[in-house]
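Throughout the sequence shown, residue numbering follows my numbering, covering -19 to 357 in sequence.
Note that CB positions come from ideal geometry on N, CA and C, so glycine has one too.
Worksheet: the structure to be examined is printed underneath.
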Amino acid sequence: MRMRARPLTVRSAAAAALAAVAGMIALSPAVASAQSASVAFTSYRSGTAHVYAVNSDGSGLRALTQTPGAAFEAAPAYAPDGARIAYTCGNFELCVMNSDGGAPARLTTNDWPREFRYDTNPAWSPDATKIAFVRTVAGLDTIWIVNADGSGLRQLPVPAGVNNHPSFSPDGASIAFDHAEVDTSGDSDLPTSSDSHIWVIGLDGSAPHSLTRRGVDSDPAWSPNGRNIAFVRSTDDGSRVFVMNADGSGRRRGTARKTSASDPAWSPDSARIVYASIGAGGSSLFHVAATGGKPVRLTTGRGPDFDPAWQPTAAAPGSAQLPAPATPPSVATQDAQMVGVLLRATTDALPFESQKPIAVLGEDGPSRHRVTIRFTR
């Protein structure tokens, strides 16, 4: 989702809204340069979005989250030591767990149904003390920072509009993200967004600037060596992973034309990129050399699979101690569960790009909340 239903490749300019009324019932062998033990990802294999992991050679598929009654457990991000994973949990809140799925702890709390917020797309700082994430309210995405123990919550002063997919620079001084301006002047009560571009801002909120200015670019991911940023460029014939220098120069294609790629993430040695791609069997994970070449399939079978994250190190599972204010709720509210159901239904029902609002109304009248999702195929 990123509040984007990520099994479909994202074009940041396209916006669709889901609305619900409260009270509704709710691979092939891995390449030797891939040094990590696991790739975590989101999948609908069990019917509801949960976090899974697979070994980097395609073996050892296992579920890391299976909370009964969960609304949406998704968007995993490994800590720099590989021992912890931040992810979306509960009522679209931010949680942290050990890399084997144990000891889940909640960092942010959304008081559904009194408030409808969506915390997604976590990204760790290189020193593992902070987590950047996206908070969606009323169809607009903002970027926030929270300490790894749940304290120090603050909003990053990114430009107003739709801002998504934060990624820390390896020195911890900057955050890359995708940004699109919005227009609320039309007849619709839903904001419409312009083409998105890759931006960078200082962790202290200084010097926000755009690295790309043409096309539809999204999903930035800073390489561990700090030299490059991978991102997705969407065009009329599909979406592909591109790689550019960290200053925005030297852009080159990382995946072949006529693919539907999204969610790029780097291997620990910066040599390969794992990504999601839609094919005849749905959305699966692949990885490819950062310099381009033939992709290697990582996941097969039921899906869709998306939001991959490559484990930085082969840390011992369950080794981390997680100071946090609360455990995640065992059962999400009916409203949050309904949004989770609608997200799955929407990803199944939209095989092609959609730029039009989608309204889902209950029998009691207009919706009480909405969540913005951007799709491209």
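**Asked** Can you tell me the Cα-Cα spacing of Val114 and Asp37, whole angstroms?
**Response** Along the sequence shown, read from residue 1 onward, the residue named residue 114 stands at position 134. Along the sequence shown, read from residue 1 onward, the residue named residue 37 stands at position 57. Roughly 31 Å between the two C-alpha positions.
* Do the region 38 to 53 and the region 17 to 29 meet, that is, are 3 or more Cβ pairs less than 8 Å apart? -> With a cut-off of 8 Å, the region 17 to 29 and the region 38 to 53 count as touching, because enough Cβ pairs lie within range.
### Message
Taking 9 Å as the threshold (C-beta atoms), are Phe211 and Pro244 in contact?
### Response
Indexing the sequence shown from 1 puts residue 244 at position 264. Indexing the sequence shown from 1 puts residue 211 at position 231. Result yes, Cβ atoms of Pro244 and Phe211 sit closer than 9 Å.
Euclidean distance between Cα positions of Val162 and Leu191 = Residue 162 sits at position 182 when you count from the first residue of the sequence shown. Residue 191 sits at position 211 when you count from the first residue of the sequence shown. Going by the C-alpha atoms only, they are around 19 Å apart.
CA-to-CA distance, Ser310 to Gly195, given in whole angstroms
Locating residue 195 in the sequence shown gives position 215, counting from the first residue. Locating residue 310 in the sequence shown gives position 330, counting from the first residue. Their Cα atoms are separated by approximately 42 Å.
* Could you pull the start and end residues of the beta strand (DSSP E) that Val254 belongs to? => Indexing the sequence shown from 1 puts residue 254 at position 274. DSSP places Val254 inside the beta strand (DSSP E), whose first and last residues are 252 to 259.
query: Can you give, in chain order, each stretch of the beta strand (DSSP E) that sits fully within the region 88 to 128 and has at least 3 residues?
result: The qualifying runs are 98 to 104, 110 to 117, 120 to 127.
* Determine the closest residue to Gly228 out of Val221, Asp216, Ile209, with distance taken between C-alpha atoms. => Working through the sequence shown from its first residue, we reach residue 228 at position 248. Among Val221, Asp216, Ile209, the Cα nearest to that of Gly228 belongs to Ile209.
| query | Straight-line CA distance for Ser263 to Thr280? | reply | Along the sequence shown, read from residue 1 onward, the residue named residue 263 stands at position 283. Along the sequence shown, read from residue 1 onward, the residue named residue 280 stands at position 300. The alpha-carbon separation between Ser263 and Thr280 amounts to approximately 9 Å.
Out of Thr271, Gly259, Asp80, Ser174, which one is the CA nearest neighbour of Asp197? Taking the first residue of the sequence shown as 1, we reach residue 197 at position 217. For Asp197, the nearest C-alpha among the options comes from Ser174.
(request) Can you give me the Cβ contacts of Gln135 inside the same chain, cut-off strictly under 7 Å, excluding the 5 residues immediately before and after it? (result) Here residue 135 refers to the residue found at position 155 of the sequence shown. Counting only Cβ-Cβ distances below 7 Å, and skipping sequence neighbours, we find Thr122, Trp124.
Exercise for the section: Compute the beta-carbon to beta-carbon distance between Gly81 and Leu44, rounded to the nearest angstrom, for a pair I have assumed lies under 8 Å. Expected result: Taking the first residue of the sequence shown as position 1, residue 81 is located at position 101. Taking the first residue of the sequence shown as position 1, residue 44 is located at position 64. Taking a contact as a CB-CB distance under 8 Å, the pair Gly81 and Leu44 counts as one, their CB atoms being some 4 Å apart.
Within the continuous beta strand (DSSP E) that includes Ser263, where are the two ends?
Translated into positions along the sequence shown, residue 263 becomes position 283. First-last of the beta strand (DSSP E) with Ser263: 262 to 269.
In angstroms with no decimal places, state the Cα-to-Cα distance between Thr89 and Pro288. Along the sequence shown, one-based indexing puts residue 89 at 109. Along the sequence shown, one-based indexing puts residue 288 at 308. Cα to Cα, the separation comes out at about 24 Å.
Any idea what DSSP makes of Ala329, helix, strand or coil?
-> For the purposes of this step, residue 329 is identified with residue 349 of the sequence shown, where counting begins at 1. Unreliable placement is indicated for Ala329, whose pLDDT of 47 sits below 50; no coordinate value is reported for it.
| message | Given a cut-off of 9 Å on the beta-carbon distance, is the pair Ser147 and Trp202 in contact? | response | Position 167 of the sequence shown, counting from 1, holds the residue named residue 147. Position 222 of the sequence shown, counting from 1, holds the residue named residue 202. Closer than 9 Å, so yes.
Closer than 8 Å is the cut-off here; do at least three beta carbon pairs connect the region 92 to 109 with the region 60 to 76? Counting Cβ pairs under 8 Å, three or more are found: they touch.
Cα-Cα separation between Leu265 and Gly283, rounded to whole angstroms
Mapped onto the sequence shown, residue 265 falls at position 285. Mapped onto the sequence shown, residue 283 falls at position 303. CA-CA distance, Leu265 to Gly283, rounds to 10 Å.
Checklist entry - If you drop the 5 nearest sequence neighbours on each side, which residues of the same chain put their C-beta closer than 8 Å to that of Ala296? => result Within the sequence shown, the letter at position 316 stands for residue 296. In this prediction, Ala296 has a pLDDT of 47, which is less than 50 and means its spatial position is unreliable; what the coordinates show is noted afterwards. Excluding its 5 nearest sequence neighbours in each direction, Ala296 has C-beta neighbours in its own chain below 8 Å: Ala63, listed in chain order.
Starting from Phe286, trace the beta strand (DSSP E) both ways and give me its first and last residue.
Stepping through the sequence shown from its first residue, residue 286 is reached at position 306. Unbroken beta strand (DSSP E) run through Phe286: 285 to 290.
Exercise for review: Give the straight-line distance between the Cα atoms of Ser240 and Lys110, rounded to the nearest whole angstrom.
Suggested key: Along the sequence shown, read from residue 1 onward, the residue named residue 240 stands at position 260. Along the sequence shown, read from residue 1 onward, the residue named residue 110 stands at position 130. If you take the alpha carbons of Ser240 and Lys110, they lie about 32 Å apart.
**Study point:** Pairwise C-alpha distance: Thr100 and Ala312
**Key:** By one-based count along the sequence shown, residue 312 stands at place 332. By one-based count along the sequence shown, residue 100 stands at place 120. Rounded to whole angstroms, the gap between the alpha carbons of Ala312 and Thr100 is 16 Å.
### Task
Go to Pro137, then tell me how far its beta strand (DSSP E) extends in each direction, as first and last residue.
Within the sequence shown, the letter at position 157 stands for residue 137. Note, Pro137: premise wrong, no beta strand (DSSP E); not H, not E.
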